[in-house]
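Undergrad: Encoded as structure tokens, here's the structure I'll be asking about.
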Amino acid sequence: MEKLVIEQTQSTPYILFSGEDQRFMIKGESFPENAAKFYAPVLEWLKKYVEALCMEQMVLEFEIVYFNSSTSKVFMTILDLLQVQVELGKRISVLWRCDEENETAIECGEEFKEDLDKLPFEIVLI
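In my numbering, the protein residues as written are -7 to 118.
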């Protein structure tokens, strides 16, 4: 499957999804005018990839400094999609990387983690 690369802008994060390299990353700030539209190709790529994923391990890394509420809804959609795949036996986990001084990012990570009972979700302070 061809990798997905979206370069970072002032209001959107850098996104790299590469099954070949086993790199799955969303990094930066995310407050696009239309989060659903911006993340539509990301969700489409991810859905196709995880449905085809056999026994390989997948680790999705988030390193988000700031995101708005519409992005939060999209992130929850992504995490719900991954949790369903874990329930089907896929080996998927999430690393939520955030600066140890960014209390908002830490709290958001903790809230996401609380909502996910099957998807391994680790908060990593950097």
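C-beta: ideal position from N, C-alpha, C; glycine also.
If we count Cβ pairs, one from each stretch, closer than 8 angstroms, do we get three or more for the region 41 to 48 versus the region 18 to 26?
TA: As far as the Cβ criterion goes, the region 41 to 48 does not touch the region 18 to 26, which means the pair count is below three.
Undergrad: What whole-angstrom Cβ distance do residue 97 and residue 56 have, given they're in contact under 8 angstroms?
TA: Walking along the sequence shown from the start, residue 97 turns up at place 105. Walking along the sequence shown from the start, residue 56 turns up at place 64. So it is a contact: roughly 6 angstroms between Cβ atoms.
Undergrad: Going straight from the alpha carbon of residue 34 to that of residue -4, what length do you get?
TA: The count along the sequence shown starts at 1 and reaches residue 34 at position 42. The count along the sequence shown starts at 1 and reaches residue -4 at position 4. In a straight line, the C-alpha of residue 34 is about 8 angstroms away from that of residue -4.
Undergrad: What residue from 54, 89 and 76 has the CA that sits closest to residue 67's CA?
TA: Here residue 67 corresponds to residue number 75 of the sequence shown, with the count starting at 1. It is 54 whose Cα lies nearest to the Cα of residue 67.
Undergrad: Could you give the first and the last residue of the continuous alpha helix (DSSP H) run that contains residue 39?
TA: Walking along the sequence shown from the start, residue 39 turns up at place 47. Per DSSP, residue 39 belongs to the alpha helix (DSSP H) from 27 to 44.
Undergrad: Residue -5 by DSSP, collapsed to three states: which one?
TA: Within the sequence shown, numbered from 1, the residue matching residue -5 stands at position 3. In this structure, residue -5 counts as coil in the three-state DSSP scheme.
Undergrad: How many Å lie between residue -2 and residue 91 at the Cα?
TA: Locating residue -2 in the sequence shown gives position 6, counting from the first residue. Locating residue 91 in the sequence shown gives position 99, counting from the first residue. Those two C-alpha atoms are separated by around 23 angstroms.
Undergrad: With a threshold of 7 angstroms, establish whether the CB of residue 20 neighbours any heavy atom of the ligand ZN.
TA: Among the components of this structure there are no ligands whatsoever, and the ligand ZN is therefore not found.
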